[in-house]
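The opening position of the sequence shown corresponds to residue 15 in our numbering, with each subsequent residue numbered one higher. Where is the CB? At the ideal position from N, CA and C, for every residue including glycine.
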Amino acid sequence: MGKTFEGKFDSRGKKIAIVGSRFNDFFTSELVEGAKDCLRRHGVDESQIDTAWVPGGFEIPFAAKRFVSTGRYAAVICVGCIIQGDTPHFHYVSSEVTKGIAMVGMESNIPVVFGIVTAETLDQAIERSGTKAGNKGFDAALTALEMIDLCDVIDEG
Ligand code: INI
């Protein structure tokens, strides 16, 4: 019978990076706080959490890549908020952010987590930044914790 590998939510002692974008800061500051809250409440010491702020979602993959290339982190959590306006701009930005984060993740040996809110309305963004639909930053941090532990469990065989 083969083995089953699964991660727990315990990454004490590991360094974790967060990349947050300032665009739509009203929401992204809540997402970054949500991610930190999740990490702290799962035993990650504040001193182990590093945060980089970038201007907008488009810049997130680049900063995530820089964090990965230091070799210091067990995971990178990307949080941002892209809200639809009157032009197709939203589609271009969200598609590049999504592709970029996926690309960085596939090329790295650590989890790079997608915590980007893409919303058609301000209400949808509010709901995902700490109200009705939870906090996507918190959810992304939980995913990071599970994936970090899964990496360890797989490595141990
Ligand atoms: N960046 C966002 O993070 N969210 C948005 O909703 C957004 N919109 O809609 O324009 C946005 N644009 C800025 C973009 O991410 C870059 O920072 C900018 O184009 C400079 O490269």
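Look at the Cβ atom of residue i, then the Cβ atom of residue j, and state whether they are nearer than 8 Å.
i, j, result
"V111", "A154", "no"
"A158", "I96", "no"
"V33", "F81", "yes"
"F37", "P69", "yes"
"V127", "A89", "yes"
"S143", "F72", "no"
"A66", "G129", "no"
"T133", "Q98", "Note that residue 133 is Ala in the sequence shown, not Thr. Going by C-beta atoms, A133 is nearer than 8 Å to Q98."
Just mark residue i as buried or exposed, buried being the case when its beta carbon has 16 or more other beta carbons within 10 Å.
i, result
"D163", "buried"
"P102", "exposed"
"P125", "buried"
"I168", "exposed"
"A31", "buried"
From residue i to residue j, what distance separates their C-alpha atoms?
i, j, result
"F23", "A77", "25 Å"
"G171", "G21", "13 Å"
"D137", "E47", "19 Å"
"D59", "S25", "10 Å"
"L156", "K150", "10 Å"
"V131", "V107", "12 Å"
"T145", "S35", "20 Å"
"R86", "S122", "12 Å"
"E141", "T18", "35 Å"
Query - Meets three-Cβ-pair contact criterion under 8 Å: the region 52-65 and the region 105-122 - result: no
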